[in-house]
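Residue numbers (the working numbering), protein chains in the order written: chain A, 32 to 267; chain B, 32 to 267. From the three backbone atoms N, C-alpha and C, an ideal C-beta is built for every residue, glycine too.
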DNA sequence: ATATATAGTGTGAAATTTACACAATACGAA
DNA sequence: TTCGTATTGTGTAAATTTCACACTATATAT
């Protein structure tokens with residue numbers, strides 16, 4: 032058994048994969064680095080663990096720095112620790128992924144960090160092992176969004192069923208039958224009708240729903256599986 | 032953005048949750064500590080990350096130290112980083128879980144580390160946040176064993192379908208219909224009949240199968256879902 | 001008014017999961 | 001040798017879930 036004295040102390044980074052949805056496709060919040068190392072290349076938003084700060088708090092702090100938002104859905108993904116993953120100094124990176132509502136962002140904060148929302152399909156190559164992190168995050172998102180109704184975290188407070196439908200198509204990259212999807216979502220009792228209608232629609236205006244927070248909490252605690260048939264799409 | 036200069040360097044521990052199966056119930060390989068800190072209490076097997084060693088290698092080294100085995104199924108679970116989780120010094124722990132065959136172990140190595148196989152149902156309280164680690168690992172095992180046929184990693188090279196059936200009952204803590212389970216497993220084409228029979232059985236001796244390694248690899252790569260209906264049992 | 005686009009509801013086929021019946025094998029006891 | 005018991009192996013149908021497609025309703029633009 033190693034002793035604490037022999038232990039090797041290393042830098043602990045935190046990197047955040049920040050997912051958003053613009054109504055059409057899944058997006059990532061990426062930064063074009065205006066600092067070293069890897070100046071001018073694209074990367075995830077990251078930072079270092081500080082003294083007296085636990086991992087979740089550190090990830091939350093980094094997310095706040097970039098988006099100005101607190102209380103987002105934020106979950107640990109995995110830790111990357113290849114010896115030479117960071118050429119400057121041995122660093123292990125604890126990776127978190129976050130689900131945020133694109134509209135809620137402060138554009139000034141984003142611009143200050145040289146950050147932009149990039150369509151997942153148009154993602155440029157990222158530095159270090161960040162591409163691999165994104166790939167792992169997408170797989171985890173697909174798994175989680177099938178088991179638990181966390182997709183709502185990417186939508187505004189009020190939304191229509193067709194919006195939710197397009198979101199799930201974007202997450203899984205497949206076509207899902209509109210009518211079957213709608214019926215299933217309604218059956219979960221996760222939605223609470225607001226009586227309002229979606230005024231942004233050009234033709235027939237759909238009903239706006241809000242989340243039934245009690246049911247939502249129950250689902251997060253394992254009350255039932257949201258969309259079991261989608262779980263199989265979370266594969267390598 | 033923090034710079035590397037400001038970064039805070041911390042100890043990185045690795046803890047291993049080692050699962051085994053004795054034919055009846057799921058077991059954990061735990062150690063009764065004969066060293067400080069927390070002398071004489073139960074804990075997971077662990078160690079510290081060394082220079083020029085990546086995380087997976089370090090976990091593999093620690094597993095080898097305790098079991099004498101290489102090439103086990105070993106997967107990263109999660110990283111625990113609460114500020115005071117280790118009272119001696121700020122340490123974050125990257126946790127791995129392993130699936131091993133109980134019989135393959137070297138009893139001398141086990142005894143040298145004061146390690147024993149403990150029935151999951153009889154698990155004593157563990158030090159630090161190790162109880163939480165075990166809970167998370169069990170959930171992940173339940174998820175993984177539903178999506179991928181990794182349960183085989185807990186069985187000897189040759190096994191019968193009833194043995195596999197009992198294993199899955201132990202993993203999920205539920206009764207699974209013997210006959211439906213058997214039919215499903217056969218349908219996966221993951222088994223290759225050896226023609227031999229299980230001589231340890233007291234009554235009718237079942238057929239011994241071995242893994243069809245090609246199909247197994249295909250399943251690990253996402254070719255199909257092993258037992259989709261079990262995925263729902265991987266809930267909080 | 002009418003054409004077009006999107007939203008919402010219905011119905012049955014297909015596939016999967018679940019429940020339970022029965023036959024076959026091996027051993028020990030009468 | 002025969003019979004009882006425990007375990008293994010195969011069959012069949014009901015129940016549930018998923019999947020595929022038809023049709024109606026609402027709003028806007030021409």
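From what residue to what residue does the alpha helix (DSSP H) around residue i run?
i                     : result
residue 162 (chain B) : 161-178
residue 214 (chain A) : 209-218
residue 192 (chain A) : 192-203
residue 93 (chain B)  : 86-98
residue 44 (chain B)  : From DSSP, residue 44 (chain B) is part of no alpha helix (DSSP H) but of the beta strand (DSSP E) over 40-52.
residue 58 (chain B)  : Looking at the DSSP string, residue 58 (chain B) is not in any alpha helix (DSSP H); the run it does join, the beta strand (DSSP E), is 57-63.
residue 245 (chain B) : 244-251
Can the beta-carbon of residue i be found closer than 8 Å to that of residue j?
i                     : j                     : result
residue 186 (chain A) : residue 132 (chain A) : yes
residue 220 (chain A) : residue 243 (chain A) : yes
residue 93 (chain B)  : residue 45 (chain B)  : yes
residue 135 (chain B) : residue 100 (chain B) : yes
residue 267 (chain B) : residue 253 (chain A) : yes
residue 141 (chain A) : residue 57 (chain A)  : no
residue 216 (chain B) : residue 195 (chain B) : yes
residue 114 (chain A) : residue 102 (chain B) : no
residue 148 (chain A) : residue 51 (chain A)  : yes
residue 189 (chain B) : residue 239 (chain B) : yes
residue 48 (chain A)  : residue 119 (chain A) : no
residue 259 (chain B) : residue 176 (chain B) : no
residue 180 (chain B) : residue 247 (chain B) : yes
residue 144 (chain A) : residue 97 (chain A)  : yes
Whose C-alpha, out of the options, is nearest the C-alpha of residue i?
i                     : options                       : result
residue 62 (chain A)  : A:54, A:53, A:75 and A:52     : A:75
residue 172 (chain B) : B:214, B:129, B:149 and B:224 : B:129
residue 157 (chain A) : A:37, A:222, A:246 and A:117  : A:117
residue 202 (chain A) : A:209, A:233 and A:169        : A:169
residue 121 (chain A) : B:258, B:212, B:205 and B:40  : B:40
residue 36 (chain B)  : A:81, A:98, A:180 and A:174   : A:81
residue 251 (chain A) : A:223, A:183 and A:214        : A:183
residue 55 (chain A)  : A:127, A:204 and A:114        : A:204
residue 265 (chain A) : B:256, B:261, B:264 and B:265 : B:256
residue 229 (chain B) : B:64, B:248, B:191 and B:214  : B:191
residue 138 (chain A) : A:247, A:263, A:60 and A:222  : A:60
residue 38 (chain A)  : B:107, B:153, B:95 and B:89   : B:89
residue 87 (chain B)  : B:69, B:68, B:109 and B:248   : B:109
residue 167 (chain A) : B:107, B:95 and B:53          : B:107
residue 146 (chain B) : B:245, B:263, B:163 and B:65  : B:65
residue 85 (chain B)  : B:43, B:235, B:236 and B:234  : B:43
residue 67 (chain B)  : A:232, A:234 and A:34         : A:34
residue 222 (chain A) : A:241, A:249 and A:245        : A:241
residue 73 (chain B)  : B:112, B:95, B:237 and B:159  : B:159
residue 111 (chain A) : A:237, A:163 and A:155        : A:163
residue 53 (chain B)  : B:71, B:200 and B:70          : B:200
Which residues bound the beta strand (DSSP E) around residue i?
i                     : result
residue 139 (chain B) : From DSSP, residue 139 (chain B) is part of no beta strand (DSSP E) but of the alpha helix (DSSP H) over 138-143.
residue 129 (chain A) : 122-130
residue 106 (chain B) : 104-111
residue 150 (chain A) : 146-150
residue 79 (chain B)  : 76-79
residue 223 (chain A) : 222-228
Near-chain A residues of the region 232-254 of chain B - C-beta to any C-beta below 7 Å: For the region 232-254 of chain B, which is checked against every Cβ of chain A, the residues closer than 7 Å are 252 and 253.
Selection of the region 180-194 of chain A by Cβ proximity to chain B, strictly under 7 Å: Cβ contacts with chain B come from no residue of the region 180-194 of chain A.
Chain-ordered residues of the region 101-131 of chain B with a beta carbon less than 7 Å from chain A: Within the region 101-131 of chain B, the residues whose Cβ lies closer than 7 Å to some Cβ of chain A are 107, 109, 110, 112, 113, 114, 119, 120, 123 and 125, listed in chain order.
Residues of the region 35-49 of chain B with Cβ closer than 9 Å to any Cβ of chain A, in chain order: Residues are counted here when their Cβ sits less than 9 Å from a Cβ of chain A; for the region 35-49 of chain B these are 35, 37, 38, 39, 40, 41, 42, 43 and 44, given in chain order.
Contact set between the region 208-219 of chain B and chain A, restricted to residues whose Cβ is under 8 Å from the partner: For the region 208-219 of chain B, which is checked against every Cβ of chain A, not one residue is closer than 8 Å.
Chain-ordered residues of the region 153-179 of chain B with a beta carbon less than 7 Å from chain A: Taking 7 Å as the Cβ-Cβ cut-off against chain A, none of the residues of the region 153-179 of chain B qualify.
Near-chain B residues of the region 56-81 of chain A (beta-carbon distance less than 7 Å), N- to C-terminal order: Listed by position along the chain: 66, 78, 79, 80 and 81.
Positions along the region 255-267 of chain B whose CB lies within less than 7 Å of some CB in chain A: Going along the region 255-267 of chain B in chain order, one finds 256, 259, 262, 263, 266 and 267 with a Cβ nearer than 7 Å to chain A.
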